[in-house]
Amino acid sequence: MLVRNHQKLKDDYFTSDVLELAPDLLGKILVLKTDKTMVSFRITETEAYRGEEDLACHARKGRTKRTDPMYYPGGILYIYLIYGMYWMMNIVAGEKNIPQAVLIRGLDDIRGPGKVTKTLGIVKSFNYENLSTSKRIYLLDDGLQPTYSCAPRVGIDYAGEHWKNLEWRFIANPIQ
DNA sequence: TGAGTGATCGTA
DNA sequence: ACGATCACTCAC
């Protein structure tokens, strides 16, 4: 059996542009620790939200209390509630003051961003959590880079034709 | 196909 | 202060 080197992903990795980071996160291993348990899943689906000019991005209205995490340097989490029911988990990307984030839409056999957070127990308290220094959540790279396909982003009809049609959703092909 | 649910933000 | 909006899911 091939033994791979599991490398924890650090700050620098996350400051690249969201259009590089979002597809690159496919295949990375998300690790979540509680007092007694540790679970891990591979990331299988992501979506990119890119700056104030992106009319699908929350930051299109500028920096507010809600969008504040996106203006941090890449590597922290941006967590928010949608439809009154579902927590969404995003990994902030890019340099400081450039609001970009990657929505985690799927892990292994978990499809849908609401199910992802429900399964992992991700709630508002994970907002601003730093993936490089956190003891309870971080990412590992074991070198696997799945091939993937692209598609338009979901649930952003309000963003207008241009932004709606961009294929900024990345779906990993099943791992052999 | 539409009900459920509540934080957020624009308009006052 | 109120009301519209919303990176969703599940049951019909």
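Per our numbering: the first sequence = residues 265 to 440.
Every residue gets a Cβ at the ideal spot worked out from N, C-alpha and C, and that includes glycine.
Legend entry - Check whether Tyr402 and Leu408 have beta carbons under 7 angstroms apart: Their beta carbons are not under 7 angstroms apart, which means Tyr402 does not touch Leu408 by this criterion.
Legend entry - Identified DSSP bridge partners for Thr310: According to the DSSP secondary-structure assignment, Thr310 is paired through a beta bridge with Ile368 and Phe434.
Legend entry - Cut-off 6 angstroms between Cβ atoms - residues of its own chain near Gln271, not counting five sequence neighbours on either side: Within the same chain, Asp405 come within 6 angstroms of Gln271 by CB-CB distance, once the 5 residues on both sides are set aside.
Legend entry - Rounded C-alpha distance that separates Gly338 from Ala312: So the two alpha carbons sit approximately 13 angstroms from each other.
Legend entry - Nearest candidate by alpha-carbon position, reference His322, set Val303, Tyr344 and Met302: Ranking Val303, Tyr344 and Met302 by CA distance to the CA of His322 puts Tyr344 first.
Inset, instruction - Look at Met334 and Ala365 and say whether their C-beta atoms are less than 7 angstroms apart. - result: Yes; because the gap between Cβ atoms is below 7 angstroms, this pair is in contact.
Inset, instruction - My understanding is that Tyr412 touches Phe434, with C-beta atoms under 8 angstroms, so please give their C-beta distance in whole angstroms. - result: About 5 angstroms separates the two Cβ atoms, so the contact holds.
Inset, instruction - Would you tell me roughly how many angstroms separate the C-alpha atoms of Thr328 and Asp281, rounded to the nearest one? - result: Each residue's Cα considered, the two are about 22 angstroms apart.
Legend entry - Own chain, CB closer than 8 angstroms to Tyr336, minus 5 neighbours either side, in chain order: Counting only Cβ-Cβ distances below 8 angstroms, and skipping sequence neighbours, we find Val356, Lys360 and Tyr392.
Legend entry - Proximity winner among Ile293, Gly419 and His426, relative to Leu371 (alpha-carbon distances): The shortest C-alpha separation from Leu371 is found at Ile293.
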